[in-house]
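Trainee: Shown below is the structure under consideration.
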DNA sequence: ATCATTGTATTAAGTTAATAATACATTGTA
DNA sequence: TACAATGTATTATTAACTTAATACAATGAT
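Structural data, given as structure tokens:
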């Protein structure tokens with residue numbers, strides 16, 4: 001997954017969303033070490049300050065923990081991780097249904113559109 | 125539908141999205157007159173300049189047309205309107221599936237979650 | 001012990017968004 | 001004709017975001 005950032009939203013907010021997703025989907029496992037601020041910033045081609053801001057936000061919610069000079073790790077609280085995953089999915093679903101309804105699609109049409117569809121399946 | 129604007133995205137971009145949705149869903153019918161810049165700005169509690177910027181964007185795409193001193197109207201090109209609706213829905217679906225896949229849900233799980241769901245249906 | 005790496009903090013600069021306060025030309029209408 | 005309402009333009013100010021360039025304390029490894 002490449003670090004593609006849109007310009008119509010604050011970068012740090014996009015970093016937060018991306019990192020959250022990577023944590024709850026197991027890219028960074030519970031208790032696992034995260035790359036350093038500088039390293040991730042370089043990978044994502046953003047300023048270290050911006051990545052730091054994103055990390056601070058994740059820290060605030062308890063999803064990651066700082067070990068001062070030895071980097072950061074993902075929480076080992078798998079219940080919290082699962083809950084976060086559930087919340088993120090809930091947000092996606094709710095927003096999606098709302099927007100599709102605003103566009104004039106009802107539930108059965110939406111499900112039909114999704115069922116017909118090819119291509120978005122998980123790769124590798 | 126209230127004018128609820130999030131702070132984590134440029135307001136004018138949210139106005140564009142909302143107005144597009146209202147046009148393609150028939151809130152503002154083809155050839156119909158739109159409220160004035162000042163009026164809509166007041167309704168949405170934003171600065172007239174911000175609403176003007178949103179209108180300018182919609183104008184650029186051809187969805188609305190300016191009649192100088194007598195306001196603006198929605199295009200009568202229903203093909204364009206339908207195409208826009210299709211594009212907006214396509215974006216929603218594509219983004220939704222991508223994000224849900226990133227969260228670790230496959231297609232069948234997604235459809236199941238949507239099918240179980242109550243509440244997002246169109247009201248009135 | 002030394003040193004590279006870690007998180008963290010600070011200061012400065014530049015950009016964009018949003019608001020505010022006006023102003024102007026044009027046109028439909030009273 | 002006079003006037004209100006239209007889109008449009010301008011200038012200024014404020015705030016948020018991002019980048020840049022450093023700097024410092026703490027720690028793990030050599």
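Residue numbers (the working numbering), protein chains in the order written: chain A, 1 to 124; chain B, 125 to 248. Positions of the beta carbon are idealized from the N, C-alpha and C atoms, including for glycine. All of these numbers come straight from a predicted model, not from anything done at the bench.
#1: Are the C-beta atoms of residue 102/A and some chain B residue less than 8 Å apart?
#2: Taking 8 Å as the threshold, find out whether the segment 44-52 of chain A comes into contact with the segment 95-110 of chain A through three or more Cβ pairs.
#3: Are the C-beta of residue 220/B and some C-beta of chain A separated by less than 8 Å?
#4: Can you pull the chain B neighbours of residue 70/A, defined as C-beta to C-beta under 7 Å?
#5: Quick one: any contact between the segment 191-204 of chain B and the segment 149-167 of chain B, if contact means 3 or more CB pairs under 8 Å?
#6: In the DSSP assignment, find the beta strand (DSSP E) that holds residue 61/A and state where it starts and stops.
#7: Which residue wins for smallest C-alpha separation from residue 52/A, given the options 115/A, 94/A, 12/A, 99/A?
#8: Note down, in chain order, every chain B residue with its Cβ under 8 Å from the Cβ of residue 21/A.
#9: Looking at residue 63/A and residue 50/A, is the spacing between their C-beta atoms short of 8 Å?
#10: With three or more C-beta pairs closer than 8 Å as the rule, is the segment 9-29 of chain A touching the segment 138-151 of chain B?
#11: Under a CB-based cut-off of 8 Å, is residue 209/B close to chain A?
#12: Using the Cβ count rule (16 or more neighbours within 10 Å means buried), how would you classify residue 100/A?
#13: Could you tell me the distance, in whole angstroms, from the CA atom of residue 61/A to the CA atom of residue 15/A?
#14: With distances taken between CB atoms, is the gap from residue 217/B to residue 114/A smaller than 8 Å?
#15: Taking a contact to mean a Cβ-Cβ separation below 8 Å, would you say residue 54/A touches residue 19/A in this structure?
#16: Hey, residue 132/B and residue 86/A: beta-carbon distance below 8 Å or not?
Mentor: Answer, in terms of the structure:
#1: Along the first chain, one-based indexing puts residue 102/A at 102. Taking Cβ atoms only, chain B reaches closer than 8 Å to residue 102/A, which makes this a yes.
#2: no
#3: Counting from 1 along the second chain, the entry for residue 220/B is found at position 96. By this cut-off, residue 220/B is an interface position.
#4: Numbered from its first residue, the first chain carries residue 70/A at position 70. In chain order: nothing, as chain B lies at least about 29 Å away.
#5: yes
#6: Position 61 of the first chain, counted from the start, is the residue given in the question as residue 61/A. Here residue 61/A belongs to no beta strand (DSSP E), and DSSP marks it neither H nor E.
#7: The residue you call residue 52/A lines up with position 52 of the first chain. Of 115/A, 94/A, 12/A, 99/A, the residue nearest in Cα terms is 12/A.
#8: Counted from its first residue, the first chain places residue 21/A at position 21. Per Cβ cutoff of 8 Å: 223, 226, 227.
#9: Translated into positions along the first chain, residue 50/A becomes position 50. Translated into positions along the first chain, residue 63/A becomes position 63. Not closer than 8 Å, so no.
#10: no
#11: What you label residue 209/B is simply residue 85 of the second chain in a count that begins at 1. Chain A contact via Cβ: present.
#12: Here residue 100/A refers to the residue found at position 100 when the first chain is read from its first residue. Per the 10 Å Cβ criterion, buried.
#13: Residue numbering aside, residue 61/A sits at position 61 when the first chain is read from its first letter. Residue numbering aside, residue 15/A sits at position 15 when the first chain is read from its first letter. Roughly 15 Å between the two C-alpha positions.
#14: Numbered from 1 along the second chain, position 93 holds the residue referred to as residue 217/B. Numbered from 1 along the first chain, position 114 holds the residue referred to as residue 114/A. A contact, by the Cβ cut-off of 8 Å.
#15: Translated into the one-based positions of the first chain, residue 54/A becomes position 54. Translated into the one-based positions of the first chain, residue 19/A becomes position 19. Yes, they are a contact pair.
#16: Against the second chain, residue 132/B aligns to sequence position 8. Against the first chain, residue 86/A aligns to sequence position 86. Taking 8 Å as the Cβ cut-off, residue 132/B and residue 86/A do not qualify as a contacting pair.
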